[in-house]
Amino acid sequence: MDSYYEMIVVLEIRLYPEEKPYHLFHLNRQLFEMKDAMKLKLLAVFLCFSIFQSESPAAPPVKLIFDTDMGNDIDDALALAVIHALQSRGECELLAVTSSKDNPWSIMYCDVVNSFYGRPGIPLGTVSKGVTNLEGSYTRKVVETSEKGQPVFARRFQNAEQIPDAVSVLRSTLAAQPDHSVVLVVVGFSTNIARLLQSPGDQISPLTGLELVSRKVKLLSQMIGRFDRDKPADFHEYNVKLDVPAAKTVYKLWPAEIPIVVSGWEVGRAIQNRASSIQNDYDYVKYHPVKMGYEYWHEMPYDRPTYDLTSVLYAIRPGRGYFGLSKPGQFKINKLGKLEHTVKPDGNQQYLTLTPDQIIRVQEVLENLSSQPPAK
């Protein structure tokens, strides 16, 4: 009977970590009563082979660039943590992080987070002459945290002056990737992306920025705008409002063949990152840059919308049923400087929608991912 138990153990180990169900064969009871150990071993091999064959091939990691206004809100930090968690699971590859916030501590905090998760070599880029240079309440405090006169967080760069311009990083990153392979995740102002689209050919690539995007990008996943029916007439979403000209440029120049999926204000607002997660799920280390940032951003305890996290989650797991999608159409910035969506049957630009069940599910998924420890 040792062979029988061996077969069961093999099957349980193989199946337990998977989310998707497998169809197991109905085994005739007489098979389990056979005394021939060799036949049972062969049966175990056959079953395992059948299960392995039933799996879909693993999807290649999603190549993504994360463009953020880190420091204006704490959801950017949580979103970057989600990316690192999914990279540790083999689901994505973070190619570069660029900041659209014109404050040195914004990109320095990104450096700290990348280093904390064991990936200090990820290219960084920062905006110059951006629309806001406000420091915010957490980025500098976290970067400068020290114990006994020594910084508690490792980082690659000593100051932001060592970090190149965001557009050059975006151009070089795209130029190095296969065609139609990159997902661009934009969760702040459109400043860097507008400048990328308007950039000429240079020593990095003879292609213009528009040509690079057309050739290399396969999706723009962006947190911007608001699309619910309860939206007040005077509401002006922050990521649009702070740089209307840049947003207008992006939606005017964006290549028609590349899809855009937007997560509006109402989506992140409906899915809260709970204070209980911050208080209980990050204590595997004494100093955690995301937890500390959350605690510095506002007085604890407080729940916070998952605005930017939703764009990240959709970008990496678009087919998991976490969100619905609006009818296809086209985005544009209207005369009031606000983002609007017009339904067009042949369009490929959509925004995320949510059901009550999806809200519960996504909240749990995002809290688990954002608090996942670094890979060892």
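Our numbering applies: residue 3 is where the sequence shown begins, and numbers increase by one. The beta-carbon is built from N, C-alpha and C at its ideal position, and this holds for glycine as well.
Below 8 Å on the Cβ atoms is my contact criterion, and I expect residue i with residue j to pass it. Report the Cβ-Cβ distance as a whole number of Å.
| i | j | result |
| --- | --- | --- |
| Glu369 | Ser313 | So it is not a contact: roughly 17 Å between Cβ atoms. |
| Arg121 | His86 | 7 Å |
| Val185 | Ala98 | Incorrect: roughly 12 Å between the Cβ atoms, too far for contact. |
| Tyr284 | His290 | 5 Å |
| Met110 | Ala162 | 6 Å |
| Ala196 | Thr251 | 4 Å |
| Thr147 | Met294 | 7 Å |
| Cys112 | Leu96 | Actually they do not touch by this definition, with Cβ atoms about 11 Å apart. |
| Asn74 | Gly138 | 6 Å |
| Pro358 | Pro330 | With 8 Å as the limit, Pro358 and Pro330 do not qualify as a contact, their Cβ atoms being about 24 Å apart. |
Taking C-beta to C-beta, are residue i and residue j nearer than 8 Å?
| i | j | result |
| --- | --- | --- |
| Ser216 | Val187 | no |
| Leu315 | Val84 | yes |
| Arg173 | Leu214 | yes |
| Val269 | Val115 | no |
| Ile76 | Thr128 | no |
| Gln274 | Arg319 | no |
| Leu356 | Phe333 | no |
| Thr100 | Asn194 | yes |
| Val144 | Phe155 | yes |
| Lys220 | Ser183 | yes |
| Gly132 | Asp104 | yes |
| Gly190 | Asp69 | yes |
| Arg91 | Ser117 | no |
| Ala272 | Ile361 | yes |
| Ala277 | Tyr309 | no |
| Ala249 | Ile335 | yes |
| Val263 | Gly227 | no |
Sort the options by Cα distance to residue i and report the nearest one.
| i | options | result |
| --- | --- | --- |
| Asn241 | Asp71, Ile67, Pro63, Lys65 | Asp71 |
| Val345 | Leu126, Ala87, Phe229 | Phe229 |
| Tyr286 | Pro376, Gln152, Asp181 | Pro376 |
| Leu311 | Val364, Gly123, Leu221 | Val364 |
| Cys94 | Asp113, Pro62, Leu82 | Pro62 |
| Lys233 | Leu212, Leu221, Gly266 | Gly266 |
| Gln179 | Ile206, Ser139, Asp167 | Ile206 |
| Val246 | Ser192, Arg322, Gly321, Ala272 | Ser192 |
| Lys378 | Lys65, Gly227, Gln360, Tyr119 | Tyr119 |
| Val367 | Leu80, Leu327, Leu66 | Leu80 |
| Ile260 | Lys337, Leu327, Ser102, Asp181 | Asp181 |
| Ser108 | Leu88, Ser201, Tyr140 | Tyr140 |
| Thr175 | Leu66, Ala60, Arg322, Arg231 | Leu66 |
| Ser102 | Gln89, Asn282, Leu82, Val169 | Val169 |
| Lys337 | Leu209, Gln160, His238 | His238 |
Between residue i and the ligand ZN, is the CB less than 7 Å from at least one heavy atom?
| i | result |
| --- | --- |
| Pro307 | Because no ligand of any kind appears in the structure shown, any question about the ligand ZN cannot be addressed here. |
Tell me residue i's beta-bridge partners as DSSP assigns them.
| i | result |
| --- | --- |
| Thr308 | Looking at the DSSP assignment, Thr308 forms no beta bridge with any residue, so it has no partner. |
| Asn275 | Arg306 |
| Cys112 | Cys112 pairs with nothing; no bridge assigned. |
| Val2 | With the chain represented from 3 up to 378, any question about residue 2 goes unanswered, as that position is not in the structure. |
| Glu95 | Lys65 |
| His182 | Per DSSP, none; premise fails for His182. |
| Tyr353 | Val264 |
| Gln332 | Thr344 |
| Gln152 | Glu149 |
| Asp167 | Thr128 |
| Ser101 | Thr70, Thr128 |
| Leu327 | Leu354 |
The segment 370-378 / the segment 332-352 touching (three or more Cβ pairs under 8 Å): no
Check whether the segment 250-266 touches the segment 346-355, counting contact only when three or more Cβ pairs, one atom from each stretch, lie closer than 8 Å. yes
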